[in-house]
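One structure is given here, and the rest of the page talks about it.
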Amino acid sequence: MRALYGIFHRIFPELNKNSRDSITSAIDCERKKIKN
Numbered sequence: 176m177r178a179l180y181g182i183f184h185r186i187f188p189e190l191n192k193n194s195r196d197s198i199t200s201a202i203d204c205e206r207k208k209i210k211n
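Now the structure itself:
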């Protein structure tokens, strides 16, 4: 999970460690894209 956070942090530098909910939502969106 930390690795994923690192990737998202690089893609979205505006995200903070307190924005884990936003990161989780982004990961869920990516999973949906992969499923589709």
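Residue numbers (this note's numbering): 176 to 211. The beta carbon of each residue, even a glycine, is placed where N, CA and C say it ideally should be.
Cut-off 6 Å between Cβ atoms - residues of its own chain near residue i, not counting five sequence neighbours on either side
i, result
"F187", "none"
Residues near residue i in its chain [Cβ-Cβ closer than 7 Å; skip 5 each side]
i, result
"Y180", "I198"
Beta-carbon contacts of residue i that lie in its chain and below 8 Å, excluding the five residues immediately before and after
i, result
"K210", "none"
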